[in-house]
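Chains as they are written, first to last, in this note's numbering: chain A, 50 to 324; chain B, 365 to 620. For each residue, glycine too, the CB sits at the ideal point set by N, CA and C. None of these values were measured; they are calculated from a predicted model.
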Amino acid sequence: MTAPDTDATAGLRDAGANAGLPVLGSGFMVICRVLLGLVLLLLWQGVSGRLIDNFFISNPIDVGTRLVGWVADGSLFLHIWATVYATVMGFIFGSIGGVVLGIWLGVSPFTSRLLNPYLNALNALPKVALAPLFVLWFGLGIESKIALAAVLVLFLVFLNTYAGVREVDQDLIDGARLMKATRAQVIAKVIIPSTMSWVFAGLKISVPYALIGAVLGEMIASNRGLGYLVQFSGSQFDSAGVFAVLIVIALLAVALNFLVEIVQHRMEQWRVVGR
Amino acid sequence: MIDLRHVSKTFRKQDEIVDAVREISLTIAQKEIVAIIGPSGCGKSTLLNMIAGLYMPTSGAVVYKGARVSDVNIHVGYMTQKDNLLPWRTVRDNIAFPLELAGVAKGERVSRADQVIAHVGLDGFAHRYPHELSGGMRKRACLARMLLYGAETALLDEPFAALDAQLKLAMHDLLLKLADEASQTVVLVTHDLMEAVTLADRVLVCTRRPATLALEQCIDLKRPRDVLNVRFTNEFKELYDTLWERLRVEYHEDRV
Chain A
50 MTAPDTDATA
60 GLRDAGANAG
70 LPVLGSGFMV
80 ICRVLLGLVL
90 LLLWQGVSGR
100 LIDNFFISNP
110 IDVGTRLVGW
120 VADGSLFLHI
130 WATVYATVMG
140 FIFGSIGGVV
150 LGIWLGVSPF
160 TSRLLNPYLN
170 ALNALPKVAL
180 APLFVLWFGL
190 GIESKIALAA
200 VLVLFLVFLN
210 TYAGVREVDQ
220 DLIDGARLMK
230 ATRAQVIAKV
240 IIPSTMSWVF
250 AGLKISVPYA
260 LIGAVLGEMI
270 ASNRGLGYLV
280 QFSGSQFDSA
290 GVFAVLIVIA
300 LLAVALNFLV
310 EIVQHRMEQW
320 RVVGR
Chain B
365 MIDLRHVSKT
375 FRKQDEIVDA
385 VREISLTIAQ
395 KEIVAIIGPS
405 GCGKSTLLNM
415 IAGLYMPTSG
425 AVVYKGARVS
435 DVNIHVGYMT
445 QKDNLLPWRT
455 VRDNIAFPLE
465 LAGVAKGERV
475 SRADQVIAHV
485 GLDGFAHRYP
495 HELSGGMRKR
505 ACLARMLLYG
515 AETALLDEPF
525 AALDAQLKLA
535 MHDLLLKLAD
545 EASQTVVLVT
555 HDLMEAVTLA
565 DRVLVCTRRP
575 ATLALEQCID
585 LKRPRDVLNV
595 RFTNEFKELY
605 DTLWERLRVE
615 YHEDRV
């Protein structure tokens, strides 16, 4: 009886190692990657102004100069902060709404059947089209960006949570009921914990969407944030500025993904997620 | 104690109507161990689900201790081939789960859980998660949980079907010991005739679907039973042959 047990534990440890933080490749691969980056930058610099007009693709030196300028006068941090704030707040509100709605509808068959066509219609709607409405409701300030990010996140988290609740093993629920569990206890101690891995999957995929919502909101109507900055640079025909902002947004997205990986790793260690 | 009165159950799947159980009447006494045996998919599990109050009979009534079962029957413990341990809880938290539901304080929960953990031979595994245990250990944990929350009646639905022969014997021994100590009534559904005769006071043979009772056989082997050696006695062999004579008919008809 001990043998299969040790096997199971070993398997678990392997899985844990694989699911860990992304490990950079060997030193050789790092060097190759840096070299590729340098080659691409040189190519960009070389092509620009010779084969393709500087107006369209700018060049690395101009982009770098622009970035340094924005960092020096501190304006870049103001914009980054606005975008990060809208992303995070949108993510938080959207997640809470999505989880609550998902669990509520998941455990009430009548309500979920009642609302089904309406939710389907809302979900099919491109959420970005709601942006003008949010501007009307919440004004030009950060609130309308938070709302847009939150709506994008809400539907993703809701759908995952709802699916998770529906997937809860009926035998586990029956078992708890036979052990005299009340309906509230079944929800709190069986349905919610069992749905957690689905909720976290939903949260994970919705992080980039929170950023999309915030940036799009800023592009539509705003006076700060990275979305505003990219929009503004474009309207000034400032291709160096556009590229500079794109680089910052890409770095921000990478940083957010990295954060998600760390949180997920922690969750697995605490066994909040897992079967 | 458990009284099934002309119980029938039909399921409706879209247009198709499936008769799972037809007109079964049966009385089970307190502390009795009854094994229900029959071909796979014959409706034995439906019968248990009705005793547990998870399904309501289409006609007839299930009466438990004089009261008609009309909702989940909280006097029974249920154990299936699947373990139904909560995967995100440790063995100890799983076993103490019914106490937690009843609002028992944490300290008492832990000490009572640790007692039964030792009793079923799971010492040292209290902090493990179900997926870290072998199949036999998970069965032990299920038995411990049922023991701890003091279910009067244990409903067992092919609980040991996935275990190998050696482990099965150990679990049979443990099951008989625990049921005797707790004065439990046991209703065991199985398709393993050896298991049925080894454990039960009475074996009921079910027909193919819809399940009706084909034969009722008292097993008057003495208790406590030696689960390892009882099968080599002549009485056991006679009982086994009688039951198999009737049971094989169901399997033969199956093949046609």
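- For T444 of chain B, the C-beta contacts it makes with chain A under 8 angstroms involve D220, in order along the chain.
- Every unbroken stretch of the beta strand (DSSP E) spanning 3 or more residues and falling wholly within the segment 371-444 of chain B is given here in chain order: 380-392, 397-401, 423-428 and 440-444.
- Against chain A, the beta carbon of V440 of chain B has neighbours under 7 angstroms at L227, listed in chain order.
- Y211 of chain A sits buried, since 16 or more C-beta atoms from the chains shown fall within 10 Å of its C-beta.
- DSSP, read as helix, strand or coil, puts I254 of chain A in helix.
- Nearest Cα to P181 of chain A within the set A:G123, A:M268, A:G251 and A:L89: A:M268.
- Close CB contacts of F140 of chain A within its chain, under the 6 angstroms cut and outside five residues either way in sequence, are with V202 and A259 (chain order).
- For the segment 239-252 of chain A, the set of positions with a beta-carbon nearer than 8 angstroms to some beta-carbon of chain B reads V239, P242, S243 and M245 in chain order.
- In the DSSP assignment, A560 of chain B falls within the unbroken alpha helix (DSSP H) covering L557 to L563.
- Cβ proximity to chain A below 7 angstroms picks out A416 and L418 from the segment 401-424 of chain B.
- Taking 8 angstroms as the upper bound for CB-CB distance, V206 of chain A and V256 of chain A are not in contact here, some 11 angstroms apart.
- Counted as a single uninterrupted DSSP element, the stretch harbouring E522 of chain B is not any beta strand (DSSP E), since DSSP gives it neither H nor E.
- When C-alpha distances from K601 of chain B are compared across B:E559, B:H616, B:R573 and B:V613, the shortest belongs to B:E559.
- Contact between the segment 380-390 of chain B and the segment 546-557 of chain B is not established, with fewer than three Cβ pairs separated by less than 8 angstroms.
- Contact annotation: the segment 533-549 of chain B does not touch the segment 399-406 of chain B, with fewer than three C-beta pairs closer than 8 angstroms.
- Sequence-ordered contacts of the segment 461-493 of chain B with chain A read F461, P462, E464, L465, A466, F489, R492 and Y493 [C-beta pairs closer than 9 angstroms].
- Per DSSP, the continuous alpha helix (DSSP H) segment holding T160 of chain A begins and ends at P158 to A173.
- Positions of the alpha helix (DSSP H) runs, each at least 4 residues long and wholly inside the segment 98-147 of chain A, are given as 103-106 and 109-122 in order along the chain.
- Using a Cβ distance threshold of 9 angstroms, L579 of chain B and L539 of chain B do not count as a contacting pair.
- L201 of chain A sits in a helix when the DSSP states are folded into three classes.
- Of the candidates A:V137, A:P175, A:S107 and A:I240, the residue whose Cα lies closest to the Cα of L252 of chain A is A:V137.
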